[in-house]
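Shown next, in C-alpha cells, is the structure this report addresses.
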Ligand code: URA
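Numbering (the numbering used here), first residue to last: 2 to 236.
Here is the structure:
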C-alpha cells in the first residue's frame, strides 16, 4: 500500500533511534498506528497515523518557527548556547540536518525559521526574492528624522561593501524605537544601517519573516509551520 514504511526506517530517519535500537525503543515507548499497538520493528506503518507516547511522530520534513531568545547562537558548532538546544535532541540526528533560514545575531531575539528543506532555505534567502523581514530596534540616541528617506533611498553602502542596500522601510515608533522592514539579509544589517546613520542599536527583535509573524509564540518556544505560511509574503 502506498505511504506505508517500515517502522524501524521511520524511527531512524526521524532521529528517534538507530535501526538496530528500534526493538528497544519499541519496548520502552507506546507506539500506536491508527490507534492499534505496533508489535514489530518491521511492521509497515503510515507515519501520518503513527503516535509515540500519544504524540504524532515528527514529520518527514521539518519546518518550524522559533522565538529565539537573546544569548543563543545560530550555529551548529560554537562556544556557548546554540539555538538547536531549544529543539528536540533527536533532531540533531536527522539527515538532512535541520538548519536556520539565515541567521539572527546572538544578541537579537525573535522569529527564526528552521528547516531541513534546502530548496526552501534557498527560496527564502535568495537575494532575488526580496522576502520581507520586519525588525523592531531600540536605539541609543533619538532618531534624527532623515532615517526613513535614507533607508528608502537604496543608496546606503555599508562599511566594507561595495553594493548598495536595497531600499528598506523605517517607521518611527518612539524617539528611540523604530520598525524596520528589510528585503535582504546581510551580515548584522540592521545594526550596521543604524551605525551608518550615527546611531547604535541597543536591542533588536524580529517580528516577522515572509508572511510568518511571531504572534503569541512565547520566547524559547517553537511550532510547526507550512511552506505556504512563509512564502505567502513573497513578492
Ligand atoms: N540585522 C542585524 O543587525 N542583526 C540580525 O540578527 C538581523 C538583522
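Glycine included, C-beta positions come from ideal geometry on N, C-alpha and C. Please read these numbers as outputs of a predicted model, since none were measured by experiment.
- Item | Check: residue 109 C-beta below 7 Å from any heavy atom of the ligand URA | yes
- Query: For residue 85, does the three-state DSSP call read helix, strand or coil?
  - Reply: helix
- For residue 216 and residue 222, the rounded distance between their alpha carbons: 12 Å
- With a threshold of 16 other CB atoms inside 10 Å of the CB of residue 236, please say whether the residue is buried or exposed. Residue placement at residue 236 cannot be trusted, given a pLDDT of 41 that sits under 50; what the coordinates show is reported in the next sentence. Flag for residue 236 reads exposed.
- Query: In terms of residue numbering, what span does the alpha helix (DSSP H) encompassing residue 99 cover?
  - Reply: Unbroken run through residue 99: none, as it is neither H nor E.
- Query: Does at least one heavy atom of the ligand URA sit under 7 Å from the Cβ of residue 191?
  - Reply: yes
- Query: Any chance the CB of residue 213 is under 7 Å from a heavy atom of the ligand SAM?
  - Reply: Summarising the ligand content, the structure contains the ligand URA and does not contain the ligand SAM.
- Item | Exposed unless 16 or more other CB atoms sit within 10 angstroms - verdict on residue 13 | buried
- Query: Helix, strand or coil for residue 16 per DSSP?
  - Reply: coil
- Message: Comparing C-alpha positions only, which one of 229, 233, 231 and 224 sits nearest to residue 68?
- Response: 224
- When the Cα atoms are used, what is the spatial distance from residue 64 to residue 170? 28 Å
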